[in-house]
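K.L.:
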Amino acid sequence: MRVIKSISTRTFMLFFVLFGLSVILQAAPSDKKDTQKPIQIVGDIAFAPYTFINENGQPDGFFIELTKAVMHELKQPYTIKLEEWPKAMSQLKNKKIDFITGISHSESRDKLFKFGGSYVNITQNIIYRKDDEHIRTLSDLKNKKIIVETDAMSQYYLEKAGYGRHLYKVNDITIGFKLLSQGYYDALMCDYETAAYIIFHKGYGNLEMVDMQLTSRLYSYAGNSELQLSRIDWALQRLKANGTYSDIYNKWFNRYADFKWLQLIIISGISLILIAAFLWIFNIVLRRRVEKAHAMLDTKNKQLSIALHAGGIVVWGYDVQKDLLFNIECDYFPPQGVSPEKDLLNYHPDDRKLLYDSLHEAAKGNIPEKPICVRMSKVGTDEWLYAEKEFSAIKNKEGKVVTVIGTHKNVTEKHRMQALLEESVQRMGFAIKTANLVLWEYDVNTQQIKSYNEPLVDYNDSKMMFYERLLGSIHPDDVESTSKKFEGMNKQTEATFSFAMRLRYQPNEDWHYCMTIGSPFIRDSKTGKVLKYVGLRRDVTEMTLMNQKLEQEKVKAQEADRLKSAFLANMSHEIRTPLNAIVGFSGLLEDCEDPAVRSEYIKIINNNNNLLLQLINDILDLSKIESGILEIHRKEFDFSTAFNDLHHTFQARMGESEVKFLCDNPYDEFIVYSDYNRLIQIQTNFITNALKYTKKGYVKMSYRYEDEGLKLIVEDTGIGIAEEKKNRIFQRFEKLDKFAQGTGLGLSICKAIVDAANGKIGFDSVEGEGSTFWAWIPCKICRIVQKGKQT
Ligand code: ADP
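As structure tokens, this is what we get:
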């Protein structure tokens with residue numbers, strides 16, 4: 001019983017579970033019967049993108065994809081067909097199919113079908129041709145031929161709005177679009193997405209859509225079984241919950257999202273293209289720049305090479321580590337290079353050390369400040385070429401010199417020209433010095449003089465001198481004229497000029513006569529004003545003094561000429577007087593019987609003879625002096641005796657006179673080696689004059705030994721000589737007293753004799769008191785015996 005009870009309990013429990021399960025299964029949204037029989041679903045064939053036949057001939061669109069997802073969710077077998085909308089409606093109405101996808105409510109439809117929950121909202125739009133009058137409001141549709149899909153919501157809406165008579169119904173709305181685009185009708189009404197889909201896919205670019213804010217319609221499934229519709233609603237809820245619905249919706253309608261992706265892709269694509277284009281252009285530009293830089297570098301290199309070649313410059317290098325000289329811009333060394341020691345053999349022995357030291361110092365980084373000049377042998381000759389070498393160093397990161405770069409320039413010609421220049425400068429300097437010239441340069445801005453061979457700056461060429469310093473050494477009378485020249489130069493207006501001045505190099509020396517010439521040298525290129533003057537100053541002292549002397553000589557000669565004329569006039573008188581006396585008294589002598597008278601006549605004739613003789617002697621002496629052939633005949637004689645004889649002669653001539661004729665002979669013997677006649681001539685002239693111009697008192701003749709010579713002296717107490725006439729006393733033909741007897745030649749003959757013997761002549765005289773004339777003649781004194789003494 002217990003077993004039976006237990007089995008019965010178990011069987012009951014099993015039965016209960018099976019029953020429960022069958023109830024649950026019956027309560028589930030699908031029944032077994034339904035799931036086995038495919039549900040027949042129909043959609044509008046021309047309701048893209050909701051329902052349409054795709055290019056593969058398969059139903060496609062949002063409703064189709066959603067329906068497939070719903071059926072998959074319900075694990076329900078199904079078939080989907082697309083028909084023209086009226087046919088689809090009719091099939092549902094006749095219950096030949098189970099569902100119709102995507103249909104909106106309307107009063108008439110509500111009576112025919114059962115509707116599920118709506119799952120999409122669709123708005124109606126008006127489509128028209130862009131070329132036609134724009135449609136903005138419903139009233140704009142007045143009198144227009146409007147296309148609608150048969151039994152579509154648009155048809156109902158427009159019929160309701162009163163446009164029923166203008167409607168043209170098509171079963172396939174895509175045909176409506178074609179007819180509109182081709183201009184057979186004026187407008188078309190359908191939902192927005194369908195319109196956008198067809199215009200886009202069919203390429204109706206001449207059509208325009210306008211959203212007229214018409215009431216939107218909710219679409220849902222419609223069928224004949226509420227149970228099936230509720231299961232579909234349940235599945236739709238699931239799809240919405242798991243995101244499948246929104247994925248499908250976004251796939252078909254969220255063009256913005258697509259657009260964003262598309263936009264992003266396009267922007268990225270464009271950006272990439274732009275970047276690629278930029279890189280391409282940049283690459284081209286860069287390549288061109290590089291090519292240009294290369295070309296420029298090539299040109300520069302060529303230019304450098306030409307310049308180096310034109311300048312006779314070659315470039316070489318020295319590898320410090322390898323200790324090798326090598327070619328850079330030359331072919332001077334062998335290709336493998338050469339050691340400096342070997343290369344040095346090409347240079348002058350005296351210059352090798354300089355070159356070697358300079359190279360090795362450069363290798364240590366101590367670059368010679370100036371280029372060095374060395375001599376190198378000219379191949380095949382004994383000549384030396386002069387080469388100028390400059391050094392620079394290339395260092396590594398550690399600052400150590402790795403390469404010495406050097407230039408080599410043949411400066412032989414420059415050197416030769418420089419030597420020539422130096423030589424010509426030296427020559428010019430020598431010429432300037434020899435000609436006693438001063439070469440000067442005046443800087444107008446600094447007002448300083450730079451001069452060459454200038455004694456005022458101790459001949460120091462580098463010493464500058466302000467022009468005031470020059471003025472300080474100029475003769476006071478020349479300062480003004482010289483200052484004017486400097487002022488003219490300072491005003492930069494002075495043209496070529498010359499002026500004379502007297503200059504003294506030392507405070508107490510004689511004035512130097514100088515002639516200065518100057519000329520503008522450097523001018524300002526813009527203003528044309530003179531910046532520097534150059535010129536020469538010549539010391540013309542010698543020439544000036546000579547000119548002065550010549551001038552004096554000329555005056556003297558003119559004066560002598562005048563005196564000579566006067567002398568001739570005098571001579572005619574002087575000669576005629578004694579001649580007349582001689583001739584006259586000689587004639588009288590013939591007829592004169594009286595011996596006393598005859599004797600008187602003879603005396604007169606003798607006196608005049610002497611006078612005439614004296615005159616002629618003087619004239620002869622003068623002519624000798626004039627012709628420079630005054631002869632001196634030296635001999636040894638006792639001047640003491642000659643002196644005494646002279647005194648006796650004059651004493652005898654004087655006869656009775658008031659004037660005492662004194663003789664002062666301090667020597668018994670005075671043996672000299674001299675010209676006897678000339679000494680006596682001097683003394684005679686002095687005595688003659690003294691006796692001529694002394695009427696009382698005395699005339700004293702004397703002589704002395706003085707300064708290794710003989711001094712002759714004649715002193716008188718005669719009329720003396722006026723102060724203003726003293727300077728003319730030794731001039732030829734000079735007679736202070738025109739009425740006195742004489743030729744005016746005596747003293748000048750004395751002076752000529754003294755000068756010829758390198759002696760001296762002079763006098764002291766006081767007018768009205770007397771005169772003392774003296775003459776000193778150097779001569780060899782052989783023996784002197786003072787009065788009363790034996791030497
Ligand atoms: P002259 O033969 O005419 O005397 P001199 O040459 O001897 O010419 O003298 C020149 C002039 O010097 C004389 O004319 C005279 O006027 C002046 N003179 C020369 N000696 C004396 C003297 N002792 N006392 C005064 N006048 C003198």
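In our numbering, the protein residues as written are 1 to 791.
Note that the Cβ used here is the ideal one computed from N, Cα and C, for glycine as well.
Closer than 7 Å: is that where the CB of G744 sits relative to any heavy atom of the ligand ADP?
P.N.:
At least one heavy atom of the ligand ADP is nearer than 7 Å to the Cβ of G744, so yes.
K.L.:
In the DSSP output, which residue or residues are listed as bridge partners for F637?
P.N.:
V672, per the DSSP bridge assignment.
K.L.:
Confirm, please, whether the CB-CB distance from V374 to K389 is below 8 Å.
P.N.:
Against a cut-off of 8 Å, the Cβ pair of V374 and K389 comes out as a contact.
K.L.:
My guess is that P778 and A756 are in contact by the Cβ rule of under 8 Å, so how many angstroms apart are they, rounded?
P.N.:
Going by Cβ atoms, the distance from P778 to A756 rounds to 12 Å, so no, they are not a contact pair.
K.L.:
Starting from the Cα of K532, find the closest Cα among A560, N490 and D539 and give me that residue.
P.N.:
Among A560, N490 and D539, the Cα nearest to that of K532 belongs to N490.
K.L.:
Which residues bound the alpha helix (DSSP H) around W252?
P.N.:
It spans T244 to W252 - the alpha helix (DSSP H) in which W252 sits, taken as one unbroken run.
K.L.:
Please report the residue range of the alpha helix (DSSP H) in which R109 lies.
P.N.:
Unbroken alpha helix (DSSP H) run through R109: E107 to L112.
K.L.:
Quick check for students: name the residue ranges of the beta strand (DSSP E) that lie wholly in the segment 319-347, counting only runs of 3 or more.
P.N.:
List check, beta strand (DSSP E) in window: 324-329.
K.L.:
Run through DSSP, which three-state label would C750 get?
P.N.:
It is helical.
K.L.:
Would you please state the rounded distance, in angstroms, between the beta carbons of G488 and E480? I believe it to be under 8 Å.
P.N.:
With a Cβ gap of about 13 Å, G488 and E480 do not count as contacting.
K.L.:
For S498, which beta-bridge partners are listed by DSSP?
P.N.:
S498 pairs with I517.
K.L.:
Could you give the distance in angstroms between the alpha-carbon of F259 and the alpha-carbon of M209?
P.N.:
Only weak support is given to the placement of F259: the predicted model assigns it a pLDDT of 49, under 50, and the question is left unresolved by the model.
K.L.:
Measure how close the beta-carbons of L325 and G337 come, nearest whole angstrom, since I'm counting them as under 8 Å.
P.N.:
The pair is a contact, with the Cβ atoms about 6 Å apart (cut-off 8 Å).
K.L.:
Out of V699, I64, I474 and N206, which has the shortest C-alpha to C-alpha gap to N508?
P.N.:
Closest option to N508, Cα to Cα, is I474.
K.L.:
Under three-state DSSP, which class holds Y78?
P.N.:
Strand.
K.L.:
Counting pairs of beta carbons, one from the segment 174-191 and one from the segment 143-155, are three or more of them closer than 8 Å?
P.N.:
The segment 174-191 vs the segment 143-155: in contact.
K.L.:
Taking the beta carbon of T527 as the centre, do at least 16 other beta carbons fall within 10 Å, making it buried, or is it exposed?
P.N.:
Burial call: exposed.
K.L.:
Near R783, what residues of its chain come up, given a Cβ to Cβ distance below 8 Å and the 5 sequence neighbours on each side ignored?
P.N.:
Counting only Cβ-Cβ distances below 8 Å, and skipping sequence neighbours, we find E669, F670, I671 and T791.
K.L.:
Tell me the rounded alpha-carbon separation between R362 and G406.
P.N.:
For the sequence presented, residue 362 should be read as Ala rather than Arg. Whole-angstrom Cα-Cα distance: 10 Å.
K.L.:
If D233 and G57 are in contact, beta carbons under 8 Å, what's the gap, nearest whole angstrom?
P.N.:
About 31 Å; that fails the 8 Å criterion.
K.L.:
Within the same chain, show all residues whose beta-carbon is closer than 7 Å to that of V320, passing over the 5 residues directly before and after it, in chain order.
P.N.:
So the qualifying residues of the chain are A363, V401, V402, T403 and V404.
K.L.:
Among the residues of its own chain, which have a CB less than 7 Å from the CB of F466, if the five just before and after it don't count?
P.N.:
Closer than 7 Å at Cβ, skipping near neighbours: Q447 and Q448.
K.L.:
Which residues does DSSP list as the beta-bridge partners of Y464?
P.N.:
The sequence given here places Met at residue 464; Tyr does not occur at that position. Paired residues: K450.
K.L.:
Which value, in whole angstroms, describes the spacing of the CA atoms of P86 and T244?
P.N.:
Spanning the two alpha carbons is a distance of roughly 31 Å.
K.L.:
Quick one: is the Cβ of D755 within less than 7 Å of any heavy atom of the ligand ADP?
P.N.:
D755 Cβ: outside cutoff for every heavy atom of the ligand ADP.
K.L.:
So G43 and T123 are in contact, right, with Cβ under 8 Å, and what is the actual spacing, rounded?
P.N.:
Actually they do not touch by this definition, with Cβ atoms about 20 Å apart.
K.L.:
Specify the secondary structure class of Q40 as computed by DSSP and reduced to three states.
P.N.:
Here Q40 sits in strand by DSSP.
K.L.:
Quick one: what's got a C-beta closer than 6 Å to Y452's C-beta in the same chain, skipping five residues either side?
P.N.:
Within the same chain, Y452 has close Cβ partners L439 and D461.
K.L.:
Helix, strand or coil: how does DSSP classify Y505 here?
P.N.:
In this structure, Y505 counts as coil in the three-state DSSP scheme.
K.L.:
For I232, would you say it is in contact with chain C, using Cβ-to-Cβ distances shorter than 8 Å as the test?
P.N.:
Of the protein chains in the structure, only one exists, and it is not chain C.
K.L.:
Would W774 be called buried (16 or more neighbouring beta carbons within 10 Å of its own) or exposed?
P.N.:
So W774 counts as buried.
K.L.:
Which runs of the alpha helix (DSSP H), 4 residues or longer, sit entirely within the segment 113-180?
P.N.:
If we require 4 residues or more, the alpha helix (DSSP H) runs fully inside the segment 113-180 come out as 153-160.
K.L.:
What would DSSP say about W511, mapped onto helix, strand or coil?
P.N.:
W511 falls in the coil class under three-state DSSP.
K.L.:
Among V754, S104, Y693 and D382, whose alpha-carbon lies nearest the alpha-carbon of S771?
P.N.:
The residue with the shortest Cα to Cα distance from S771 is Y693.
K.L.:
Can you name the start and end residues of the alpha helix (DSSP H) that N490 belongs to?
P.N.:
It spans P476 to N490 - the alpha helix (DSSP H) in which N490 sits, taken as one unbroken run.
K.L.:
Comparing the CB of A569 with every heavy atom of the ligand ADP, is any distance shorter than 7 Å?
P.N.:
Not under cutoff, so the answer is no.
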